Amino acid sequence: MPEITYREAIHDAMIEEMRRDETVFLMGEDIGTYGGAFGVSAGMLAEFGPERVRETPISELAIVGAAAGAAMVGMKPIAEMMFMDFVLLALEPLANQAAKARFMFGGKATVPMVLRLPGGSGTGAAAQHSQSLESILMHIPGIKVVAPSTAYDAKGLLISAIRDPNPVCFVEHKLLYKVKGEVPTEEYSIPLGVAEIKHEGSDLTIVTSGIMVQKSLAVAKKLEAEGISVEVVDPRTLQPLDTETIIKSVMKTGRLLVVHEAVKTGGWAGEVIASVSESPAFDYLDAPMRRLAGKDVPIPYNRNLEAAAVPQEADIEAEIRAILSNQY
Amino acid sequence: MPTPFIMPKMDMDQESVTILEWLKKEGEKVEKGEAVIVVETDKLTSEIEAPASGTLTGILYKENEEAPVTKVVAYILAEGESPADVPTDKAAAPAAEKPEAAKPAQAEEKPVKATPVAERMAAQMDIKLEQVPASGRKVTKADVESFAKGQFGVEPRVKVPATPAARAAAQAQGLAIEGISGSGPRGRVQQADVLAAAQQPKPAAAPPLAGTSKPMVGMRKRIAERLTASYQNAPHIYLTVEVDMSAAEASRKRLNKLAEKQGQPSLSITTLLVKMVAWALKRHPYLNASLISDEINFWEDVNIGVATALEEGLIVPVIHGADKLSLSQINDHVRTLASKAREGTLSREEIDGGTFTISNLGMYGITSFTAIINPPQSAILAVGGMVRKPVVVDDKDTLAVRPIMTMTLSADHRIVDGANAASFLKDLVSVLETPELALY
Amino acid sequence: MATWKKLEFDNYETTDVLAKAKELDLSNDNLLEMYQTMIRIRLFEEMADKLYALGKVHGTMHLSAGQEAVAIGTGFAVKRSDYLLNHHRGHGHFIASGADVGKMMAEFLGKDTGYCRGHGGSMHIADVTANNLGANGIVGGGIQLAVGVGIAIQMRKTDQLVLTLFGDGATNEGIFHESLNMASIWSLPVLYLCENNKYGMSADITRVSSKLPFKDRALAHAIPGYYIDGNDVLAVYEFIKNAADHIRSGKGPVFVEAQTYRYFGHSKSDRNLYRTKDEIDYFKTEEDPISRFRNLLFAAGILDEKRASEIRQEEEVVIEKAVEFAENSPEPDVTKLTEWVYA
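Chains as they are written, first to last, in our numbering: chain G, 1121 to 1448; chain F, -8 to 431; chain L, 23 to 365.
This is the structure we're talking about:
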């Protein structure tokens, strides 16, 4: 099977869907000749033309508003925010228009739009260009939130997101763009709302997404040599969350650690832990459920400070050992 | 459709039989009419034949288990059918008495046999009891728990579901959490459960009494059930009377000399008793009657059962039409039945139909005793052994030593009054003390 | 009292109804239909006010009595196939587009038979299948959607336009400029119609806006901008028809500011402290759009007192029936609360 990068996988998902369905089009800043800030839309203008690869002014509010409007009348727009941080400028049309149209209009409207959001830290882009804001988006009923961690997942999930009749926020971690993975050439898609167990284990369950999946898997492999068996569950879709897979895993292992880059307070780890606590898995817990998350701090510029602000492999390993040795 | 193999009902008030042996096993071929199951009722051992030819499958009751009569105990598959065609739930099997399709009312859930704990747990977990496979005759808590786990498809590393507080309490109390039963949802152990277990004093380890045990099944069980029913349902009255057996014995000796000359077996006391009791019964229909569903049936025939002790229990072979038989005929019956009883070869007809029972414990030296009526009969005569006693023989208070036999009649007071019973006994005594009366 | 500057309007005052009607290819029946629908709007708003006063309406309402000419003039000038993005004071526009007043009333009472099955209420009333993409509770909410709808029309190459309604206050939202900018660079078929009724919620628009009339703001985005008398229904009709033709011929978006006035407060919690009773009375007597049109129709001999009275009675019955329908309708099913969160 060919190996392509996460970036290429997203690119391929878009062009394949745009070839299949003429109502799909891309809107965003610098997506044309420049090929997108992260190079994701390279070559697309040449193939599809300026109507379908629609480069916009710097108007996040209008970009998302336009996407919502076009979707309401039957198009399938993919809108791109250059950085996830900028979605804050466009929260209004996302939350008040796209997320609610179907509900407010008594089930008689659909808004099949995708909002692509490159996010996350580690590139030295500092506080206003490094956030992981998926927890805020999960809190709005009517929106789906997807966060792929591999090239294979990225392509399959983006295709499903484009085809989904609901507004879908597609969170891409910038550090993953260059990571390669096996991706089939045949058409495939991954259903939204289905988690994947990326590594099976029996001593402890890690629930994690985005770049933290890679870090968790690295730690899991290292600990395997010592006889510590860690199960890594990647929800892939954060909203709606596949709680069933998570609950079964925690029931099996009796221990849970949620790892995400998003800030700890109000972060979605709390959502996962509360859901597990409310489930039959509670009866089988052998240790307090824990979370490892971004510190409650804007992302700093300095390289070391930036790394210290979010969980790293060493932190994940230390936390697992602490849980297993009953330190909590 | 596989043919249901239904356990036949062989007796009026029979509800179940004990399966002693499956002559054919699961998956073996059987022929229609072939004996497949050996069962024991309270009266005797019988063989049940296959209702059709085919492959035996879906056996629902094991050896030494009780099987309900008129219900399906197995299935016989025709050519081309597979065990998958067999309905899996015992409750779903059709009853022999209702061959038509189940009525809509019966389509409602039949109560599943489950322990109260299992029922509660299943309700809490939103599990339908019908779906839970029972490891035994009833669905237990363990069955529900493993079904629930099966629903999640995982084997938890933590074996016992318990709250953190419960585990801490168990540790503090020095108790193993495995040994504590949980009152929480899904069988979870709560702190309160641990505290309650800690409260209970440990039972002093009593040295167990040595001995062996035997399941109460089959004939023994049936006897227990019937006698209990009789004792509970029929208010017994007891009348005791003494008989001077000298005339009867003298008569019997003369007859035995005759029999010896003819090469016939000698007559027993039992034979004489049967003849005389039959004579008396003919004159007292209330003692040859049965109360069945508010109807008193006065039987035409006098069928006297003779209680016979076997190692495994009591059996009562019946001499039919005893009032019409001669002494020698009665004697033959008595001897034949006794030997068949010992060999275990009595037939249904030889057991059924008794209208009165005589029970004699004289051979054990018992002077008198009371017996429990054999339902649906209305009376039973308990006969003790003959004892040589001094008695007053005339109105001059002359004493003489005579063979005195004490008889106690138990009668069902619902249909037999004291006067009737007394009158019967008076006649019986008369005919035993003056045997010629029977010829009159 | 706010300064009422009578600037020069870009539309032509109607003096001779018959002449104008002939020019616009409107029959007498068309004119009477327009008049009757204006009455319907007025009575509807008054009834809505009454229902609210009786405590039957949960929440609030934004009534447009006084703005009927804009609603009818615009609503009759565009096609049913055109998209409508309405604002929160949009009952009149909805009625002008042919909505069923019974289903509207039912929606206000939160009933299952309402346009939004009781899930939206007055501020979110919509009929998506009839190309009415809803009233919007966010000021300028429709302005952002307009660009997207325009893109869709353009990519599909139909002759539709999207009529985007908003008030004077919305022109100060950032989205106003982002939207006009985008519509301009892509020549999108958007008709931006601003109903200037002089006040945002309570703020006099002249006090909070840097440049009036707003058409200058449109010109800043290279979009043709106009300022018209919104209370002359035929003048509105004429102007909007021309604007629509311009847009349909692919010449890009148009911005129109229609000057008008509202009699009721912004919402039901408005106690009108920011304007005087005299001002309101002035507009009700001197500038009322229905009276103006009626007088013109009388003068042209198309309408007389008797017929006017009959029309009013007919519409009263229509409104009463609507209320009856709404009151007798069932409530939505609570158990289906989350049914329409996701498609």
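Beta carbons are placed, not taken as given, at the ideal position from N, Cα and C, and that holds for glycine.
Nothing here was measured: the structure is a model prediction, and the numbers come from that model.
Say whether chain L places a C-beta atom closer than 8 angstroms to the C-beta of M1202 of chain G. no
Shorter than 8 angstroms from the beta carbon of K1275 of chain G to some beta carbon of chain F? Residue-level contact by beta carbon fails for K1275 of chain G and chain F, as no gap is shorter than 8 angstroms.
Assign K89 of chain F to buried or exposed, taking buried as 16 or more other Cβ atoms, counted over all protein chains shown, within 10 Å of its Cβ. In this prediction, K89 of chain F scores a pLDDT of 43, lower than 50, which makes its location untrustworthy; no coordinate-derived value is stated.
I want to know whether the stretch 271 to 284 of chain L touches the stretch 89 to 102 of chain L - three or more CB-CB distances under 8 angstroms. yes
Excluding the five sequence neighbours on either side, which residues of its own chain have a C-beta within less than 7 angstroms of the C-beta of L40 of chain L, listed in chain order? A322, listed in sequence order.
From the beta carbon of V356 of chain L, is the nearest beta carbon of chain G less than 8 angstroms away? no
Relative to the C-alpha of S1161 of chain G, which residue among G:V1207, G:A1191, G:I1151 and G:A1345 is closest? G:I1151
Just the C-alpha distance for G1321 of chain G and G1330 of chain G, rounded to the nearest angstrom, thanks. Roughly 20 angstroms separates the two Cα atoms.
Alpha-carbon to alpha-carbon, A429 of chain F and L263 of chain F: 11 angstroms
Under the three-state reduction of DSSP, which class applies to Y277 of chain F: helix, strand or coil? helix
May I ask you to list, following chain order, the residues of the stretch 170 to 186 of chain F that have a beta carbon less than 7 angstroms from some beta carbon of chain G? R177 and R179
Between D366 of chain L and G140 of chain L, which are expected to be in contact by the criterion C-beta below 8 angstroms, what is the C-beta distance as a whole number of angstroms? This structure cannot settle anything about residue 366 of chain L, because the visible part of chain L is limited to 23 through 365.
Selected residue, minimal CA-CA separation from G1387 of chain G, among G:G1227, G:M1121, G:T1230 and G:I1256: G:I1256
Cβ contact check for the stretch 237 to 250 of chain L and the stretch 71 to 81 of chain L: 3 or more pairs under 8 angstroms: no
Which residues share a DSSP beta bridge with F347 of chain F? Answer is F:I295, bridged to F347 of chain F.
Where V392 of chain F falls, given that 16 or more other Cβ within 10 Å makes a residue buried: Under a 10 Å Cβ-count criterion, V392 of chain F is classified as exposed, with fewer than 16 other Cβ atoms of the shown protein chains found around its own Cβ.
Could you check what DSSP says for N322 of chain F in three-state terms: helix, strand or coil? helix
Let me confirm a value: M145 of chain L is counted as buried when at least 16 other C-beta atoms fall within 10 Å, else exposed. Which label applies? buried
Give the straight-line distance between the Cα atoms of I302 of chain L and S313 of chain L, rounded to the nearest whole angstrom. 15 angstroms
Residues within the stretch 214 to 228 of chain L neighbouring chain G, beta-carbon criterion of under 9 angstroms: Per Cβ criterion, the list is empty.
For G132 of chain L, list the residues DSSP reports as bridge partners. Paired residues: none, contrary to the question.
Would you identify the three-state DSSP class for P352 of chain L, choosing helix, strand or coil? Under the three-state reduction of DSSP, P352 of chain L is assigned to coil, being neither helix nor strand.
Using a cut-off of 9 angstroms between C-beta atoms, extract the partners of N294 of chain L located in chain G. The premise fails here: N294 of chain L is roughly 28 angstroms from chain G at the closest Cβ pair, so nothing lies under 9 angstroms.
Per-residue DSSP class, three states only, for D292 of chain L: coil
Is there a C-beta anywhere in chain G that falls below 8 angstroms from the one on R148 of chain F? The Cβ of R148 of chain F sits closer than 8 angstroms to at least one Cβ of chain G.
Report the residue from L:N294, L:G170, L:Y74 and L:G163 whose alpha carbon sits nearest the alpha carbon of F198 of chain L. L:G163
Boundaries of the alpha helix (DSSP H) in which N218 of chain L is found, first to last residue: First-last for N218 of chain L: V212 to N218, but that is the beta strand (DSSP E), not the alpha helix (DSSP H).
G1374 of chain G touches chain F at which residues, Cβ-Cβ below 9 angstroms? P147, R148 and V149, listed in chain order.
Per the contact definition of three or more C-beta pairs closer than 8 angstroms, is the stretch 319 to 329 of chain F in contact with the stretch 343 to 350 of chain F? no
Determine the burial state of Y229 of chain F: buried for a count of at least 16 other Cβ atoms within 10 Å of its Cβ, exposed for fewer. exposed
Closer than 7 angstroms to a non-hydrogen atom of the ligand ATP - does that hold for the CB of E1200 of chain G? Among the components of this structure there are no ligands whatsoever, and the ligand ATP is therefore not found.
For S49 of chain L and P1261 of chain G, I'd like the C-alpha separation in whole angstroms. Roughly 50 angstroms separates the two Cα atoms.
Which residue's Cα is closest to the Cα of P436 of chain F: F:V232, F:L278 and F:S174? Limits of chain F in this structure are -8 at one end and 431 at the other, which puts residue 436 of chain F out of reach.
Extent of the continuous beta strand (DSSP E) run through E1200 of chain G: K1196 to E1200
For the 8 angstroms Cβ check, are there 3 or more pairs between the stretch 353 to 366 of chain F and the stretch 202 to 216 of chain F? no
Which same chain residues, not among the five before or five after I1360 of chain G, have their C-beta less than 8 angstroms away from its C-beta? Note on residue identity: the sequence assigns Pro, not Ile, to residue 1360 of chain G. If we look at P1360 of chain G and ignore the five residues flanking it on each side, its Cβ neighbours are K1264, L1312 and G1313.
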